[in-house]
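Reading through the structure tokens given below for one structure.
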Amino acid sequence: MSHSIEVVLPDIGDYKDVPVVEINVSVGDEVTIDLPLLLIESDKATMEVPSPAAGTVAKLMIDVGTRVSQGSVLMILEGRGESIAPASVPRVEQQFPQQEVLSQPAPAAPVDGSRARAQQPQPSGAAHASPSVRALARELGVALDSVVPTGPKGRILREDVAAFVNGLVRSGPAMAPAPGAPVDWPKVDFERYGAVERLPMTRIQKLTGVNLSRNWNVIPHVTNFDRADVTDAEAFRQLANAEAAKGTAKLTMVSLLIKAAALALQKYPRFNSSLDGDELIFKHYVHIGFAVDTPKGLVVPVIRDCDKKGLRQIAAEMRSLADKALAGQLASGDMQGGCFSVSSLGGVGGQGFTPIINAPEVAILGAGRAATEAVWNGREFEPRLVLFLSLSWDHRVVDGVAGARFLGFVASVLSDLRRFAL
């Protein structure tokens, strides 16, 4: 026996009156539990709203552009008797930027005035885009009249802005094309040389690319490298995990890195600031993001108040957030408010790399894979486990001496965990 089911917007955090940007179903469509019904878009993320039940779409209560809040009725389903799933948290499909953005737009590459006028059309105000897309375009210095829309009814989507900026980045600042002009990117008939396969990039991958391109081109990156003797830290980590109660989250080297970074941010507060025009905003809290590789792309959930939490609590929150990220269930609030980021390739391999700063943060810590080396102790060589570290920092905010001291402090803490208690 069929029954009517109201589909309402579940808890989406602190956001209210967010616009519906896509509707994936029509009246008469059959839906299953967890099928993505529509997309809503805050100024930080685009989120899928999954179906809480199986049935047939009987009535749509919203249109593209309708603003909704928690509890808003989205549509009516005629259920087929299957059990209704618990209220689903909207799945974050994309996030741009990963943290709060600066109010200053990214500066354009210098070109002579006549050429700039020829390449940058004067906005007419006729472009069809949501407020968050307009804010993104303003931040990146993109005139929406230059962007080719691909959304319904001529709507400009975030992906369209991303594609436009990627085209400019690929062609180089001095070769920025006029609107509609082809991007100077090599065109190759790959099929001439063998079999190929084309796979579309995910939303996260496309927009992360724009975010990273902006950060790399705008922020004057400098990267320091150092090494930490983690022989004793690794022995402690293994002992703590062996003694832990069943079901307790395992300590990982990343959890140690997060705690060490939290102490370093307290000792060197300039790394816990953000640039806002001609001012620095110093934060009196220590929230640290850590990179999680998911099938849809890289996301950076944030652990709050890392300076006040022990290693086991940090490890437990890491495990919980990583599980949510892999399941596509991170809420937008899980990825906001970060002061600093940690990215580790220790589980994959390699020694050092240059991580890209996650604006508006001013630095990011990278870690490679630890390796056993022969280290001279003053009397003889002995095997020690050495972890390779890198720190990318914004040269507008800090300098080389500060960067070396910050990374050296992190290395010293990892080499002697007793410093956690100081």
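The opening residue of the sequence shown carries number 665 in this note's numbering; numbering runs sequentially from there.
Even for Gly, the Cβ is constructed at its ideal location relative to N, Cα and C.
Using a Cβ-Cβ cutoff of less than 8 Å, which residues in the same chain neighbour residue i once the five nearest sequence positions on both sides are dropped?
{"i": "leucine 944", "result": "Arg934, Ser937, Ser938, Val1061"}
{"i": "proline 884", "result": "Asp1058, His1059, Arg1060"}
{"i": "alanine 1031", "result": "Met917, Val918, Leu921, Val1006, Ser1007, Ser1008, Leu1009, Gly1010, Leu1051, Phe1052, Leu1053, Ser1054"}
{"i": "arginine 1069", "result": "Tyr932"}
Taking just the CA atoms, how far does residue j sit from residue i?
{"i": "serine 1056", "j": "threonine 1018", "result": "7 Å"}
{"i": "alanine 986", "j": "valine 956", "result": "6 Å"}
{"i": "leucine 876", "j": "glycine 1042", "result": "44 Å"}
{"i": "leucine 1053", "j": "alanine 718", "result": "50 Å"}
{"i": "valine 695", "j": "alanine 928", "result": "50 Å"}
{"i": "methionine 725", "j": "aspartate 698", "result": "19 Å"}
{"i": "glycine 831", "j": "isoleucine 1020", "result": "20 Å"}
{"i": "threonine 895", "j": "lysine 973", "result": "23 Å"}
{"i": "valine 812", "j": "leucine 903", "result": "57 Å"}
{"i": "serine 1079", "j": "threonine 872", "result": "34 Å"}
{"i": "valine 914", "j": "arginine 976", "result": "It should be pointed out that residue 914 corresponds to lysine in this sequence rather than to valine. The straight-line gap from Cα to Cα measures roughly 8 Å."}
{"i": "threonine 916", "j": "methionine 999", "result": "21 Å"}
{"i": "threonine 912", "j": "alanine 980", "result": "7 Å"}
{"i": "leucine 821", "j": "alanine 1066", "result": "41 Å"}
{"i": "arginine 1048", "j": "glutamate 861", "result": "45 Å"}
{"i": "glycine 1011", "j": "leucine 962", "result": "15 Å"}
{"i": "phenylalanine 1073", "j": "glutamine 930", "result": "11 Å"}
{"i": "phenylalanine 1045", "j": "glutamate 1037", "result": "9 Å"}
{"i": "glutamate 907", "j": "valine 806", "result": "56 Å"}
{"i": "serine 984", "j": "isoleucine 978", "result": "10 Å"}
{"i": "leucine 1081", "j": "alanine 1035", "result": "19 Å"}
How close, in whole Å, do the beta carbons of residue i and residue j come, if the pair is a contact with beta carbons under 8 Å?
{"i": "proline 816", "j": "valine 728", "result": "6 Å"}
{"i": "leucine 920", "j": "alanine 897", "result": "6 Å"}
{"i": "glycine 953", "j": "serine 1005", "result": "4 Å"}
{"i": "aspartate 681", "j": "glutamine 734", "result": "Aspartate 681 to glutamine 734, Cβ: 11 Å. No contact."}
{"i": "asparagine 888", "j": "leucine 1071", "result": "5 Å"}
{"i": "valine 721", "j": "aspartate 693", "result": "5 Å"}
{"i": "leucine 701", "j": "proline 683", "result": "That belief does not hold up - the Cβ atoms of leucine 701 and proline 683 are roughly 15 Å apart, past 8 Å."}
{"i": "leucine 738", "j": "valine 732", "result": "7 Å"}
Tell me the DSSP secondary structure of residue i in three-state form.
{"i": "phenylalanine 1017", "result": "coil"}
{"i": "glutamate 1044", "result": "coil"}
{"i": "lysine 851", "result": "coil"}
{"i": "glutamate 823", "result": "helix"}
{"i": "leucine 804", "result": "helix"}
{"i": "aspartate 675", "result": "coil"}
{"i": "threonine 814", "result": "coil"}
{"i": "arginine 1033", "result": "coil"}
{"i": "alanine 793", "result": "strand"}
{"i": "valine 721", "result": "strand"}
{"i": "aspartate 1119", "result": "No statement about residue 1119 is possible, as the shown extent of the chain runs from 665 to 1086 and does not include it."}
{"i": "arginine 862", "result": "coil"}
Leaving aside the five residues before and after residue i along the sequence, list all residues of the same chain whose C-beta is less than 6 Å from its C-beta, in chain order.
{"i": "serine 736", "result": "Leu673"}
{"i": "glycine 677", "result": "Ala995, Ser996, Gly997"}
{"i": "leucine 1029", "result": "Ala925, Val1006, Leu1055"}
{"i": "asparagine 879", "result": "Ile1020, Ile1021, Ala1023"}
{"i": "alanine 1085", "result": "none"}
{"i": "alanine 826", "result": "Lys870, Leu871, Val874"}
{"i": "histidine 951", "result": "Val966, Arg968, Gly1001, Gly1002, Cys1003"}
Answer with yes or no whether the minimum CB distance from residue i to chain D is below 8 Å.
{"i": "leucine 1049", "result": "Judged by its chain identifiers, the structure shown contains no chain D, having just a single protein chain."}
Beta carbon of residue i: closer than 7 Å to some heavy atom of the ligand ADP?
{"i": "glycine 1064", "result": "The ligand ADP is not part of this structure, which contains no ligands at all."}
Note down, in chain order, each residue of its chain lying with its Cβ closer than 7 Å to the Cβ of residue i, except the 5 sequence neighbours on either side.
{"i": "lysine 923", "result": "Cys970, Leu975, Ile978, Phe1084"}
- Item | Ranges of the beta strand (DSSP E) found wholly within the stretch 950 to 1029, counting only runs of at least 3 | 952 to 954, 956 to 958, 961 to 963, 1004 to 1008
- Item | Runs of alpha helix (DSSP H) lying entirely within the stretch 876 to 937, each at least 4 residues, in chain order | 895 to 907, 917 to 931
- Could you name each continuous alpha helix (DSSP H) segment of 4 residues or more that falls completely within the stretch 1042 to 1082, going from the start of the chain to the end? 1064 to 1079
- Item | Minimum length 3: unbroken beta strand (DSSP E) runs contained in the stretch 679 to 718 | 682 to 687, 700 to 705, 709 to 714
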